[in-house]
Structure formats: C-alpha cells, structure tokens
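*Asks:* Below is the structure I would like to discuss, written out as structure tokens.
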Amino acid sequence: YAKDPRSSLFSRDFVALISGRDIKIANGAITGAGDLHIHGALFARRRFCIENPQQTKPGTLYILGSLTAGTIWETEPRFSTKMDYDKRFEYLRPANFPMTRRYEVETWDRGWEEVDTAERSPSTELARSE
Numbered sequence: 038y039a040k041d042p043r044s045s046l047f048s049r050d051f052v053a054l055i056s057g058r059d060i061k062i063a064n065g066a067i068t069g070a071g072d073l074h075i076h077g078a079l080f081a082r083r084r085f086c087i088e089n090p091q092q093t094k095p096g097t098l099y100i101l102g103s104l105t106a107g108t109i110w111e112t113e114p115r116f117s118t119k120m121d122y123d124k125r126f127e128y129l130r131p132a133n134f135p136m137t138r139r140y141e142v143e144t145w146d147r148g149w150e151e152v153d154t155a156e157r158s159p160s161t162e163l164a165r166s167e
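Everything in the sequence shown is counted per the numbering used here, starting at 38 for the first residue and increasing by one.
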C-alpha cells in the first residue's frame, strides 16, 4: 500500500483476487520458506488452501485485507495465520465483490440469493431447547 490502511483510512489503493473456484497458496519451492504476506481482499467461491501444508520450514501467513471462501483448509504446520481486517472494506467494495452481507444457499448448484428480511434468517430456523 502507498499508505498503510491500519493507520490511514484515506488510503485508496487495494487489490482484490476473485476466484470462481479455489485460491491456492503455492508450495514452498515457489513462495520460499518462512513468512508470507498477502495484502488484499481474497474471494474464493470454493476454497482457500495451502498446497503441501506439511512441506518447508514453518512460518506465518499474514493477511491484511479480507478472506472470503466457501471452505478454508488447513494452513498448519506450514503456516500459523494472522489476519488483520482492512476496515476500509466496511465502506469500499472491490470490483465484482458481492454487495450484500446476507446470503442463503438456494440450491446445491452454487446459486445464491440475497435475503431481504430478518424473518428468513437461518438463525431464526435453528432448533431451540426448552
């Protein structure tokens, strides 16, 4: 970043990575051993994963931004993970990112619909003990 968004909310530069399937962190032969820093908004419709998490010297995966994925696979023992949310994403949206905070699975063919009311919230349909 030209200006670190943790100290300046006026920083206007960011990068977004969008995948219709997976975002994979390559093995250590490509990324190098030790720590890995990712700055940006990550969106993987299917999964976020580390290739060969048992391989190479351990380090820390630092993510400054956001991470949205259908499934987040193991990162250890290759990486411990530290995430810092980029607060600018509370009011800025990367291009092609969803515009709502509420989703429901409509079908198993990966179709999504926006939920307009709290009455249809999944939490209202949970079993309750008396």
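In this text, a Cβ means the ideal position worked out from N, Cα and C, and glycines have one as well.
Out of curiosity, what's the CA-to-CA distance linking Tyr38 and Val52?
*Replies:* Position 1 of the sequence shown, counted from the first residue, corresponds to residue 38. Position 15 of the sequence shown, counted from the first residue, corresponds to residue 52. Computed Cα separation, rounded: 9 Å.
*Asks:* Short of 8 Å in beta carbon distance, which residues of its chain neighbour Arg165, apart from the five on each side in sequence? Order them along the chain.
*Replies:* Residue numbering aside, residue 165 sits at position 128 when the sequence shown is read from its first letter. Because the pLDDT of Arg165 is 41, which lies under 50, any placement of that residue in the model is unreliable, and the question is left without a value.
*Asks:* Alpha carbon to alpha carbon, how far is Asn133 from Asp59?
*Replies:* Residue numbering aside, residue 133 sits at position 96 when the sequence shown is read from its first letter. Residue numbering aside, residue 59 sits at position 22 when the sequence shown is read from its first letter. So the alpha carbons of these two residues sit roughly 16 Å apart.
*Asks:* Pick from Arg115, Ala78 and Ser48: whose alpha carbon is nearest that of Ala63?
*Replies:* For the purposes of this step, residue 63 is taken as residue 26 along the sequence shown, with counting starting at 1. Closest option to Ala63, Cα to Cα, is Arg115.
*Asks:* Confirm, please, whether the CB-CB distance from Gly107 to Ala81 is below 8 Å.
*Replies:* Your numbering for residue 81 matches position 44 in the sequence shown. Your numbering for residue 107 matches position 70 in the sequence shown. For Ala81 and Gly107, yes; Cβs fall inside 8 Å.
*Asks:* Find the nearest neighbour of Thr118 within the set Ser56, Ile87 and Thr68, judged by alpha-carbon distance.
*Replies:* On the sequence shown, position 81 is the one that residue 118 refers to. Answer by Cα proximity: Ile87.
*Asks:* Output the boundary residues of the alpha helix (DSSP H) element that contains Thr68.
*Replies:* Taking the first residue of the sequence shown as 1, we reach residue 68 at position 31. Taken as a continuous stretch (DSSP letters only), the alpha helix (DSSP H) holding Thr68 covers Gly65 to Thr68.
*Asks:* For Glu111, I'd like the list of residues in its chain whose CB is within less than 6 Å of its CB, leaving aside the five on either flank, ordered along the chain.
*Replies:* Working through the sequence shown from its first residue, we reach residue 111 at position 74. Excluding sequence neighbours, Glu111 sits near Pro90.
*Asks:* Taking the CB atoms as reference points, tell me whether Ser191 and Arg125 lie closer together than 8 Å.
*Replies:* For the chain, the structure presents residues 38 to 167; residue 191 sits outside this window and is missing.
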